[in-house]
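Here is the structure we will look at, set down as structure tokens.
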Amino acid sequence: MSDLRQRALDYHAHPTPGKIRVELSKPADSVDDLALAYSPGVAEPVREIAEDPDAAYRYTAKGNMVAVISNGTAILGLGNLGPLASKPVMEGKALLFKRFAGLDAIDIEVKHRTTEEFINTVANIADTFGGINLEDIKAPECFEIEQELIKRCKIPVFHDDQHGTAIVTAAGMLNALEIQGKQVEKAKIVCMGAGAAAVACMELLIKCGAQRERIYMLDRKGVIHTRRDDLTEHKKLFANNTDKRTLEDVMDGADIFVGVSGPDVLPPETLKLMADNPIVFACSNPDPEIKPELAHEVRSDLIMATGRSDYPNQVNNVLCFPFIFRGALDVRATAINDEMKVAAVEALRAISKEPVPEQVLKASNCTSLEFGKHYIIPKPMDPRLCERIARAVAQAAIDSGVARLESLPPQYG
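Residue numbers for the sequence shown follow full-length UniProt numbering, beginning at 1 and rising by one.
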């Protein structure tokens, strides 16, 4: 790990500090160029935008620009280390937007005393951008922040820790259920963790057919049930009318375990309690709720996913968030709604079932990949992801009435 630490530090420091920079998109080599780029020529697009705000999409970079915004209260698995400490992560997110979807992104780290201050800060700068990606904001504040910004902003606001995780989880889960010969409507689901990602994952699975009463969510105090009086509003949505109180109680006969909690919280003897052909998504990073080697040793009939790249079936947000924003911005969507999220789920599912291009095999260090227990979601380097997911999301935005454009732009063919 010390070698990885030094390599990571060197990567971020050399040859220039950081991971992103601004580059010019227009010539600036002559007096004439400067007269067009700035005074006096710049006055012409200013007048156009003042008369019609939508002209900003024609004359500025707004339509291809995403703000990656955090307050640093939930950085990766490291916790509340403050806004400035979150900057490497936010720069990394900007790098992913550019690398995978060709979107320009700028990171913004916000210091604030109250949630209202954070909301006001973001809302007041929102018109600069085509979309806002919220990141690494702790629960329960993240719920209020996202919902209030969605109300106040005229551009898509998307908390990736919630919805990106949920979309990839749902796509992989529905494919795993298909492989295991099970139906989401009948599945008994155990969710270990009750934070932003957990709530979003379960809500999206419900939109895909899961039954709320068949979901058992646990926090640090055990099963979330209707007789507890210490529940937040979002936990109350998953309060089950049950006498079950422990992980062992709810895992008996469970079809699905989703872990968004912490390392090694799923004992092998508890895994044994699950129904035949179980599905385990152990997504705690870097150390999952149960190590895959141990899980497969205990259950040979298992399908397993983790958040790590060194095991099969990685639940990785990069499989969706760049392309969701690509599709949303390409049709000038005002929001990212449930229809767009489900469209992304279905596009991800479909790609998983198709032959894998040779370049993806090479990039993934694999000799072959076929839809099955060890390949339920695509690899991040798959070039089909951008076009397919962006198109599905853009069309869903048009169909659901949140797009400013009435048809797909020319680049979609």
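Note that the Cβ used here is the ideal one computed from N, Cα and C, for glycine as well.
Every value quoted in this text rests on a predicted model; they were computed, and no experiment measured them.
> Where does SER368 land, buried or exposed, given buried means 16+ other C-beta within 10 angstroms?
Replying inline: It counts as exposed.
> How is the beta strand (DSSP E) around LEU369 delimited, first residue to last?
Replying inline: No beta strand (DSSP E) contains LEU369, which DSSP labels as neither H nor E.
>> So within the UniProt domain "Malic enzyme N-terminal" (17-150), which uninterrupted alpha helix (DSSP H) runs reach at least 4 residues, ignoring any that extend past its ends?
In response: Listed in chain order, they are 31-37, 43-51, 56-59, 87-101 and 115-125.
> In its own chain, which residues sit with a C-beta less than 8 Å from the C-beta of HIS12, not counting the 5 before and 5 after it?
Replying inline: GLY18, LYS19 and PRO88.
> Measuring CB to CB, does GLU135 end up less than 8 Å from ILE189?
Replying inline: no
>> On the DSSP bridge list, what partners appear for VAL258?
In response: CYS191 and PHE281
> With 16 other CB atoms within 10 Å as the buried threshold, where does ALA28 fall?
Replying inline: Under this definition ALA28 is an exposed residue.
> Could you give the distance in angstroms between the alpha-carbon of ASN133 and the alpha-carbon of LEU204?
Replying inline: 19 Å
> Does DSSP put THR334 in a helix, a strand or coil?
Replying inline: For THR334, the three-state secondary structure derived from DSSP is coil.
>> Just to confirm the assignment, what range does the beta strand (DSSP E) spanning ILE217 have?
In response: The sequence given here places Met at residue 217; Ile does not occur at that position. Per DSSP, MET217 is one residue of the beta strand (DSSP E) stretching across 215-219.
>> Check for me: the alpha helix (DSSP H) holding VAL360 runs from which residue to which?
In response: Annotation: the continuous alpha helix (DSSP H) that includes VAL360 extends over 358-363.
> In terms of residue numbering, what span does the beta strand (DSSP E) encompassing HIS159 cover?
Replying inline: 157-159
> Counting along the chain, where does the alpha helix (DSSP H) carrying ILE389 start and finish?
Replying inline: 384-399
>> Suppose the cutoff is 7 Å on Cβ atoms and the five residues either side in sequence are ignored; what does the same chain contact list for GLU48 look like?
In response: ALA55 and TYR59
> Considering only residues of the same chain and omitting the five flanking positions on each side of ARG384, which have a CB-CB separation below 6 Å?
Replying inline: ILE351
> So, VAL318 versus ALA394, is the Cβ gap smaller than 8 Å?
Replying inline: No, Cβ-Cβ distance for VAL318 and ALA394 is not below 8 Å.
> Between which two residues does the alpha helix (DSSP H) carrying THR270 extend?
Replying inline: 268-271
>> For PRO267, which residues in the same chain have their Cβ closer than 6 Å to its Cβ, ignoring the five residues on either side in sequence?
In response: none
> For PHE22, is the classification buried or exposed, using 16 other Cβ atoms within 10 angstroms of its Cβ as the cut-off for buried?
Replying inline: Checking the sequence shown, residue 22 turns out to be Val, not Phe. VAL22 comes out exposed.
>> For a test of the three-state rule: what should DSSP assign to VAL223, helix, strand or coil?
In response: DSSP places VAL223 in the strand class (E or B) of the three-state scheme.
> Nearest to ILE198 by alpha carbon, out of ILE224, GLN183 and GLU178?
Replying inline: Inspection of the sequence shows that residue 198 is occupied by Ala rather than by Ile. It is ILE224 whose Cα lies nearest to the Cα of ALA198.
> Where PRO312 and GLY193 are concerned, what is the direct C-alpha to C-alpha distance, given to the nearest angstrom?
Replying inline: 22 Å
> Between ARG299 and GLU269, what straight-line distance do the alpha-carbon atoms span, to the nearest angstrom?
Replying inline: When rounded, the distance between both Cα atoms is 10 Å.
> Closest by CA to ASN241, which one among ALA396, GLN180, THR226 and THR232?
Replying inline: THR226
>> Here's a check: name, in chain order, each residue in its chain whose Cβ is nearer than 8 Å to the Cβ of VAL315, leaving out the five neighbours to either side.
In response: THR165, VAL168, THR169, GLY172, PHE281, CYS283, ALA305, THR306, GLY307 and ILE377
>> Rounded to the nearest angstrom, what separates ILE303 and GLU117 at their Cα positions?
In response: CA-CA distance, ILE303 to GLU117, rounds to 44 Å.
> Going by C-alpha distance, which of PRO288, VAL258 and ASP243 is nearest ASP264?
Replying inline: Ranking the options by Cα distance to ASP264, first place goes to PRO288.
>> Mapping the DSSP letters down to three states, classify ALA239 as helix, strand or coil.
In response: ALA239 falls in the coil class under three-state DSSP.
> Do you know how far the Cα of LYS62 is from the Cα of THR128?
Replying inline: 6 Å
>> Since ASN137 and HIS159 should fall inside the 8 Å C-beta cutoff, what is the C-beta to C-beta distance between them, to a whole number of angstroms?
In response: As written in the sequence, residue 137 is Ile, which differs from the Asn given in the question. Rounded, the Cβ-Cβ distance is 7 Å, consistent with contact.
> Per DSSP, what kind of secondary structure is MET274 in: helix, strand or coil?
Replying inline: Note: MET274 maps to coil in three-state DSSP.
> Residue range of the beta strand (DSSP E) that ILE303 falls in?
Replying inline: 303-306
> If you count every other CB in all the chains shown that lies within 10 Å of the CB of GLU146, and 16 or more means buried, which is it?
Replying inline: buried
> Between ALA197 and the ligand SAH, is the CB less than 7 Å from at least one heavy atom?
Replying inline: You won't find the ligand SAH in this model; it holds no ligand whatsoever.
>> So, does the segment 67-87 touch the segment 104-113, judging by three or more C-beta pairs under 8 Å?
In response: yes
>> Quick check: the Cα distance between LEU96 and CYS386, rounded to an integer number of angstroms?
In response: Each residue's alpha carbon lies about 12 Å from the other.
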